[in-house]
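Take 4 as the starting number for the sequence shown in the numbering used here and just add one per residue. Here a beta-carbon is modelled for each residue, glycine too, at the ideal position from N, C-alpha and C.
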Amino acid sequence: MTKLPSSEKVIRILEAAGFIFKSQTGSHMKFASGSKIVILPVKRREIPLGTLKSISRQSGIAYELFLNL
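So, in structure tokens, the structure goes:
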């Protein structure tokens, strides 16, 4: 199985795609780009597979891009 990315790697991908940090509530960060909003758990060594797929769907970034780092 492919190693899942950490929160930091996902944040770097989102920022490279033009997403901007908007706010943080507890252990979740909100990033926005245009009308797209992505909620991301913070300080995780590995983002769970289902959560990663949801982040991919919300952001419009291909799921494979998150895995191929």
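- Task: Return yes when the Cβ of residue 16 is within less than 8 Å of the Cβ of residue 43, no when it is not.
- Result: no
- Message: Using 8 Å as the threshold, is the C-beta distance between residue 10 and residue 21 below it?
- Response: no
- residue 59 to residue 51 span [Cα, whole Å]: 12 Å
- Query: Taking C-alpha atoms, which residue in 45, 41, 23 and 70 lies nearest to residue 30?
  - Reply: 45
- Item | In DSSP terms, what residue 43 is bridged to | 32
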